[in-house]
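Heads up: the sequence shown begins at 33 in the numbering used here, then just goes up one per residue.
Right, one structure below, let's go through it.
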Amino acid sequence: MSNDEAQSKPLAQEAAQLVPVRKRPKPGERRVQILQTLASMLQQPGLERITTAALASRLSVSEAALYRHFASKAQMFEGLIDFIEQTVFALVNQITQAEPGPLESGAAQGAYQAQRVVAMVIHFAEKNPGMTRVMVGDALVHENERLQQRMNQFFDKLEASLRQCLRGPVMQANSATPTLDAQVKASALTAFLLGRLQRFARSGYKRMPSEHLEASLALWLS
């Protein structure tokens, strides 16, 4: 072996060590990575539809690699909806099951819970702009119809939670129709919430849904 060859061997080994080794994701990691990338792409203002080709390109993988983890693009969106549902309703349960403060009557506690539920969903949307487009349906327009049905069910369930919170306050107010009054208030609050999220998404995330939130909720719950 010549001196040049002897010197080149260590240099080649050193160069190889400097090249980053692409680690293979652990089971489940790639699935999470796909969903995180999809959510990130949804945050781009003006992007009407995300194709699997664009998603694969962003991840530097083939489309076939995506379908090893998800049977369809609809299933990817279902993964995002699962995250939205699990996160939001876990927090709703925390709010509604919290012990009342020493100065809170049943009526005051119910109104406060409803206010906290709406504020929580709005802050969740602000922290997850891409998810907001899924919640309001903008990202689902050209996708499978069952995805929009699931988001409709999400808001129906959220409205039911608000109705439960507000039942106590309207009964304390000696309403002749407490069930109906709670239903009307919960429906109005849900419409207010959805409107704030739609404005946030359609303004390119410039109009924050938490704008004047406390004062607005005080008007709705007065």
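We put the beta carbon where it would ideally sit given N, CA and C, even for glycine.
Thinking residue i and residue j are a contact (beta carbons under 8 Å), I'd like their distance in whole angstroms, please.
| i | j | result |
| --- | --- | --- |
| L67 | L112 | 6 Å |
| Q65 | L91 | 7 Å |
| S94 | A88 | 6 Å |
| F232 | W252 | Wrong, their Cβ atoms sit about 18 Å apart, outside the cutoff. |
| T84 | L98 | 6 Å |
For residue i versus residue j, is the C-beta spacing smaller than 8 Å?
| i | j | result |
| --- | --- | --- |
| V150 | L226 | no |
| L229 | G142 | no |
| I154 | S242 | yes |
| L179 | F102 | no |
| F156 | T119 | yes |
| L79 | Q147 | no |
Is it right to say residue i is buried, meaning 16 or more other beta carbons lie within 10 angstroms of its own, or is it exposed?
| i | result |
| --- | --- |
| K159 | exposed |
| V173 | exposed |
| E175 | buried |
| Q145 | buried |
Where residue i and residue j are concerned, what is the direct C-alpha to C-alpha distance, given to the nearest angstrom?
| i | j | result |
| --- | --- | --- |
| G236 | A171 | 13 Å |
| T140 | A214 | At residue 140 the sequence reads Ala, which differs from the Thr that was named. The alpha-carbon atoms of A140 and A214 are separated by roughly 14 Å. |
| M183 | V166 | 8 Å |
| Q61 | S254 | Reading the sequence as shown, one finds Glu at residue 61 and not Gln. Approximately 47 Å between the Cα atoms of the pair. |
| M28 | E246 | Outside the displayed span of the chain (33 to 254) sits residue 28, for which this structure offers no information. |
| M240 | E191 | 22 Å |
| A130 | V216 | 24 Å |
| T209 | Q181 | 31 Å |
| K238 | H244 | 14 Å |
| K189 | M152 | 15 Å |
| K105 | R234 | 23 Å |
| A96 | F121 | 34 Å |
| P26 | N125 | With the chain covering only 33 through 254, there is no way to say anything about residue 26. |
| G200 | R81 | 44 Å |
Among the options, which has the Cα closest to the Cα of residue i?
| i | options | result |
| --- | --- | --- |
| G162 | I116, L179, L212 | I116 |
| L221 | A130, K105, L194 | L194 |
| F187 | S219, T209, E177, R239 | S219 |
| D114 | T84, L98, L245, Q185 | Q185 |
| T164 | L70, R100, V216, A247 | L70 |
| R100 | E80, F121, R63, A106 | R63 |
| Q107 | G200, P77, E177 | E177 |
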